[in-house]
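Numbering (the numbering used here), first residue to last: 78 to 551.
So this is what it looks like as structure tokens:
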């Protein structure tokens with residue numbers, strides 16, 4: 078690991094160093110929020126012969142395009158381009174099912190006119206959708222044609238659905254803490270609805286019609302998910318869907334609860350060279366998976382957020398009750414400062430409501446909704462849940478000077494997360510997700526002079542060594 082002090086010259090040198098490291102290995106950059114990681118990513122990609130930049134959001138895609146002076150082509154996934162998508166569930170499964178059931182009225186094909194128009198300038202998703210609607214076309218196939226371009230920028234969701242775009246000479250993962258979430262989105266639920274779609278898909282083709290009935294029969298007879306997979310292995314010709322289920326199970330990428338199963342078809346397989354990972358908080362599971370890597374950490378004594386741990390309480394689920402809820406309400410009153418605005422992050426909506434009920438009326442009058450975080454004034458208070466609106470995305474008010482993390486926000490147990498923990502380990506999934514939410518909330522303080530974070534949960538003592546260097550715990 079190499080430790081570098083921050084400066085404008087250091088940023089230019091880091092860009093050159095990262096590109097040089099990627100010629101023969103892989104590079105990881107951990108730098109505090111606001112250092113200019115996206116600018117560095119754009120510069121490196123612009124100078125490469127073939128590159129892909131992977132970002133967290135579409136807005137960040139356009140930051141890359143702006144820094145590169147439109148030298149990089151944006152690619153969007155179906156969730157941004159589908160003309161009938163309602164926004165819940167898996168959009169790719171939604172599209173597949175609607176086309177199988179002949180419930181989409183838009184023609185699914187690429188046209189030269191639409192491809193040329195999209196490639197002519199950096200187009201936003203809304204523009205592309207409007208063009209597709211007027212032509213009666215799903216715009217997604219035309220955008221996919223542009224995935225062959227030498228330099229592209231896209232989101233994690235698209236990159237992990239179309240993994241062939243990661244074959245470029247250079248791939249830069251901006252905000253690489255999103256990798257875990259991107260992999261989670263590729264976990265598929267195998268249940269009655271899924272099997273019915275597979276059945277209808279296979280039944281449409283005369284050559285696979287018999288297989289369709291065999292698949293459905295296996296599912297109905299199976300008393301467990303492993304039993305279902307064992308039945309599938311007895312015949313051939315089920316196509317990619319069936320092979321995907323079998324292969325995921327063989328490789329230890331399946332989890333089951335009763336008869337419902339979760340499988341992960343695609344696990345990131347990081348190659349020997351040409352990858353650059355950038356983040357403000359380095360995911361431990363990434364480091365364990367990257368071959369031939371070198372870590373560069375950037376520090377700046379002027380870019381440090383002071384934090385302290387209060388071990389008097391815990392939000393541990395087994396200990397929750399009147400004493401805990403009242404205790405956290407009292408701590409919020411104790412640490413709230415009328416000279417600045419305060420953000421309080423709690424583990425869940427249920428926990429938040431229980432604590433809110435026990436706050437004094439004088440403080441309740443100061444509470445603002447999470448979306449108001451950009452407009453806070455001194456004395457205001459925002460209560461929000463881990464990963465909520467106020468903890469990322471929106472630029473907070475300059476009056477925000479205190480963050481209270483009221484409990485270590487472990488995500489609730491779920492089949493998808495249990496599968497990830499089985500593959501990567503509990504701390505690399507559940508603990509990392511909890512700490513990422515904490516880091517995102519604390520990062521809202523933006524290194525303001527006098528800003529302070531309070532972490533209230535005795536479990537923080539056991540994970541303090543996992544916090545990034547720009548959060549200084551006293």
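Where a beta carbon is used, it is the ideal one built from N, C-alpha and C, also for glycine.
Inset, instruction - Drop a sphere of 10 angstroms on the beta-carbon of residue 300, count the other beta-carbons inside from all chains shown, and report buried for 16 or more, exposed for fewer. - result: exposed
Legend entry - First and last residue of the uninterrupted beta strand (DSSP E) at residue 387: 382–387
Legend entry - Contiguous beta strand (DSSP E) assignments of at least 3 residues, all confined to the segment 125–177: Runs of the beta strand (DSSP E) inside the segment 125–177: 128–132.
Inset, instruction - Assign residue 240 to buried or exposed, taking buried as 16 or more other Cβ atoms, counted over all protein chains shown, within 10 Å of its Cβ. - result: exposed
Inset, instruction - Compare the C-alpha of residue 149 against each of 155, 156, 140 and name the closest. - result: 140
Inset, instruction - Just confirm the distance between the C-beta atoms of residue 357 and residue 247, as a whole number of angstroms; I'd bet it's less than 8 angstroms. - result: Actually they do not touch by this definition, with Cβ atoms about 21 angstroms apart.
Inset, instruction - Tell me whether residue 192 sits in a helix, a strand or coil according to DSSP, three-state version. - result: helix
Inset, instruction - Would you identify the three-state DSSP class for residue 494, choosing helix, strand or coil? - result: helix
Legend entry - Three-state secondary structure assigned by DSSP to residue 333: strand
Legend entry - Within the segment 420–484, ranges of the alpha helix (DSSP H) (whole runs, at least 4 residues): Considered as a whole, the segment 420–484 harbours 426–434, 438–441 as its complete alpha helix (DSSP H) runs of no fewer than 4 residues, in chain order.
Inset, instruction - Confirm, please, whether the CB-CB distance from residue 476 to residue 431 is below 7 angstroms. - result: no
Inset, instruction - Give the DSSP-derived three-state secondary structure of residue 228 in the structure shown. - result: strand
Legend entry - Neighbour-count burial assignment, residue 211, 16 or more Cβ in a 10 Å radius: By the Cβ neighbour-count rule, residue 211 is exposed, with fewer than 16 other Cβ atoms within 10 Å of its own.
Inset, instruction - Can you say whether residue 238 is buried or exposed, counting buried as having 16 or more other CB atoms within 10 angstroms of its CB? - result: buried
Legend entry - Sequence-distant residues of the same chain with beta carbon closer than 6 angstroms to residue 157, five excluded per side: 202
Inset, instruction - Could you work out which residue in 230, 187, 316 is closest to residue 142 when comparing CA atoms only? - result: Checking every option, the nearest Cα to that of residue 142 belongs to 230.
Inset, instruction - Within the segment 95–128, note down every full beta strand (DSSP E) run reaching 3 residues or more, in order along the chain. - result: Whole beta strand (DSSP E) segments, 3+ residues: 103–107.
Legend entry - CB contact flag (residue 155, residue 168, <7 angstroms): yes
Inset, instruction - Report the residue from 465, 372, 206, 506 whose alpha carbon sits nearest the alpha carbon of residue 95. - result: Closest by alpha carbon: 372.
Inset, instruction - Out of 182, 264, 495, 406, point me to the one whose CA is closest to residue 166's CA. - result: 264
Inset, instruction - Give, in chain order, every unbroken run of the alpha helix (DSSP H) that is at least 4 residues long and sits entirely within the segment 266–349. - result: 269–280, 286–298, 302–309, 316–327
Inset, instruction - Give me the Cα-Cα distance between residue 220 and residue 244, rounded to the nearest whole angstrom. - result: 18 angstroms
Inset, instruction - Identify which residue in 236, 173, 284 has its Cα closest to the Cα of residue 253. - result: 236
Inset, instruction - Would you check if the distance between the CB atom of residue 106 and the CB atom of residue 224 is smaller than 7 angstroms? - result: no
Inset, instruction - Have a look at 489, 91, 109 and flag the residue whose alpha-carbon is nearest the alpha-carbon of residue 117. - result: 91
Legend entry - Cβ neighbours of residue 295 in the same chain (closer than 7 angstroms, five flanking residues each side left out): Within the same chain, 305, 308, 309 come within 7 angstroms of residue 295 by CB-CB distance, once the 5 residues on both sides are set aside.
Legend entry - Cβ-Cβ distance between residue 458 and residue 419 below 7 angstroms: It is a contact, given that the beta carbons lie within the stated cut-off.
Legend entry - C-alpha distance - residue 497 paired with residue 325, whole-angstrom precision: Between residue 497 and residue 325, the C-alpha separation is close to 13 angstroms.
Legend entry - Local Cβ density within 10 Å of residue 438, reported as buried at 16 or more and exposed below that: exposed
Inset, instruction - Determine whether the Cβ of residue 357 lies closer than 7 angstroms to any Cβ atom of chain B. - result: No chain B appears in this structure, which consists of one protein chain only.
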